[in-house]
Structures are given as C-alpha cells and as structure tokens.
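Working notes, structure below.
There are 2 protein chains.
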Amino acid sequence: MVKKVKARSVPFSQTRARHANETAEDYVEAVMELIAELGECRVLDLARYFNVSHVTVSRIVKRLHDENLLHTMPYKPVELTVEGLKLAKRVKDRHLVVLAFLMELGVDKTNAEIDSEGIEHHVGSKTLAAMKKFLKK
Amino acid sequence: MVKKVKARSVPFSQTRARHANETAEDYVEAVMELIAELGECRVLDLARYFNVSHVTVSRIVKRLHDENLLHTMPYKPVELTVEGLKLAKRVKDRHLVVLAFLMELGVDKTNAEIDSEGIEHHVGSKTLAAMKKFLKK
DNA sequence: CATGATCCGTAGCCATTGCTACATTTAAAA
DNA sequence: TTTTAAATGTAGCAATGGCTACGGATCATG
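So the sequences go chain by chain: A and B.
Quick note on my numbering: the first sequence kicks off at 1 and runs consecutively.
Quick note on my numbering: the second sequence kicks off at 1001 and runs consecutively.
What follows is the structure, encoded as structure tokens:
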C-alpha cells in the first residue's frame, strides 16, 4: 500500500512569482516612504535604501513600470501609479500592524523590525485580522 | 538640507542568499516528513510535494548535497545528513510553533497552515520565544 | 557656456528556480 | 530473458535579482 502525502498548502510552482511579488511590495512601500521623507524618490535613493546597486534598482523599476505600479521617465524621479499607491498603502498598513503586533507580543523593537519585514509578505487577511484584534485588547 | 533615510533592517543584498536558504529549510523538512510517511524519499516524491518538476528537485537536491545537508546517489532515495537532520528538526519545531501560535490567535486551520509556511522562515529566536511563551498561557 | 560631479542606462556576467524535451537507468511484467 | 513503464539525469531556455564596467545625461558651479 502506498501512502499519499498531501502537497504543501502553498504550491511551490509559484515560488519565483511570489518572490517577484514581494519585491514589488517592498519597492512600492519604499517609494512611498522615500517620497514622504525626501520629497522625491530617485533610483539611487532606492539603491541606498535596499543596499543594492543602482543597476538592480533600475531593472526592477522598469519591471514594475511594465506592471503599472510605477511611473518612470529616463533620468527622472520614480513615482507611484494609482495602482502602486493603493498597493503601497495596503502594504504599509500591514507592515505597521505586524510590527506593532510583534512588539505587543514582547519582542524587542530591533528584532520586531527585522522579523516584521520578512513576515509581512506572508500575512493573509485572516491572520492580519487576528493580529488587529489582538492589538485592540 | 538633505534628510537621511535609514536603510532597511534586513539588507536586501542578501535576498538571493536568503531565498536559497529558505529553499534548503523547506527541502530538509520535506525530506524528513516524506521519509516518516513513506519510508523513503524519492526525487519524484519531492516533486509532487512541492508541485514542481523532477528536474527542479534534482538540481536543488544536488546543491543541498554540495552543502552537506542531503545524501544522494544517482537513482537512489534522498537521505538527510547529520547536519541536514539537525536543521530539519529545528525547522519542523519552529514550523509547528508558528502554526499552533496562529491557530491559538484565532486563525482557522487552513489559513494558519498557508501563512505559517511563509512566515516560519522569518521568525527569529526572539519572536519564536515570544510565541512559545504566548502558547503556554 | 563649459566642465566636472553625480545620476542613470546599457551590456554582459553569475546564481537560483522554474520549464520542456530527450536520454538513461532501474525495476517490474510478460 | 526481454521488454516496457517509471524514475532519474542532462541539455538548454526563461525570469528574477545580484554584480562590475562603461557611457551618456543632467545640473550646479565656475
């Protein structure tokens, strides 16, 4: 008799797509933050923010432009599209909830910041709601 | 005056390395589970488990062999090295804690399983300790 | 307006993780 | 034993995200 093992809940066929999506979330959030802090967001600002070369940023910005999340013109600042802004707001809200949640749970700020940046991308709506509920008490 | 924006807590310079590491964690955990369930772990078992082609599994198994996490011989089952088993146990323990934690938080089992698989890789020792403490109460 | 510093784009390399197509090995069945 | 099905390996392609090196654009400043 051959036992059957169930496949993962999150199919791995989408690993690359999921990573690309996380990158998109990180970038729109960063663009929103950098515009808020600096007034505009240049490619080099993103490169410094993420600690990568401007080349990496440039290519990713181009991809996100093709995906209608960012506006770009050669040698001009990066801006958010309507869709990009919507995503950025959602991501930032979720990020803040996760961060506050971890700290409320007793994790020190430093570790809460580190972990929340990794965790946030994997927090579904149900988990997010549960975290918000926990924070209210 | 130019404002300074702090870089992310988790430098993105290590994105690829982090993803590769997550893959390693997922694979050793899967190998341990499949051996427990099926008695042995074949490349195709992993392919079915992760919903990817056997080619993808084959290449990753080779890499993890080079990293001393897995034993492999051509056309033979995949096994864990001592180091791989140690990692697998740690990963499984953390996974179970995160899953139990989410369910205790009020997330339904289905969503807890989905989210825990993404979240687990980003739970540091401090956050893990906080989750365990929460579960004790 | 010239010029040099800074910013940005392009070319081209690598690693990881997907894939299809085809070859080879293993093991079971005829 | 031979043949056939299943499992595994290999070749080679694409997308994503790292990088260095180099060249063109922009802008402040002399």
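Cβ coordinates follow ideal geometry from the N, Cα and C atoms, glycine included.
Quick caveat: nothing in here was measured; it's all calculated off a predicted structure.
DSSP places G84 of chain A in the uninterrupted alpha helix (DSSP H) bounded by 82-104. Using a 10 angstroms sphere on the CB of S116 of chain A, the tally of other CB atoms reaches 16 or more, which defines it as buried. Between I114 of chain A and chain B, the shortest Cβ-Cβ separation is below 8 Å. Of the candidates A:D26, A:A17, A:A36, A:V98, A:V98 places its Cα closest to the Cα of F134 of chain A. Residue pairing by DSSP places E79 of chain A opposite A:H71 in a beta bridge.
Distance between L64 of chain A and T1023 of chain B, taken at the CA atoms: about 25 Å. The alpha carbon of E67 of chain A has as its nearest neighbour, out of A:K136, A:Y27, A:I35, the alpha carbon of A:Y27.
Rounded to whole angstroms, the gap between the alpha carbons of K1126 of chain B and T1015 of chain B is 21 Å. Against A20 of chain A, chain B offers no close residue; the least beta-carbon distance is about 11 Å (beta-carbon pairs closer than 9 Å).
The beta carbon of L102 of chain A is closer than 7 Å to those of A112, D115, S116 in its chain, skipping five residues each way along the sequence. Rounded to the nearest whole angstrom, the CA to CA distance from V107 of chain A to A1129 of chain B is 9 Å.
Taking C-beta atoms as the reference points, L70 of chain A and V31 of chain A count as a pair closer than 8 Å.
As the crow flies, the alpha-carbon of H54 of chain A is around 15 Å from that of T72 of chain A.
The C-beta separation of V78 of chain A from C41 of chain A comes to about 5 Å, placing the pair in contact by the 8 Å criterion. With respect to chain A, the C-beta atom of V1123 of chain B has a partner C-beta closer than 8 Å. Judged by DSSP in its simplified three-state form, S116 of chain A adopts helix.
For R48 of chain A, the enclosing alpha helix (DSSP H) starts and ends at 43-50.
For I1060 of chain B, the CB contacts under 8 Å within the same chain, skipping 5 residues up- and downstream, are T1023, Y1027 in chain order. Taking C-beta atoms as the reference points, G124 of chain A and H1121 of chain B fail to come closer than 8 Å.
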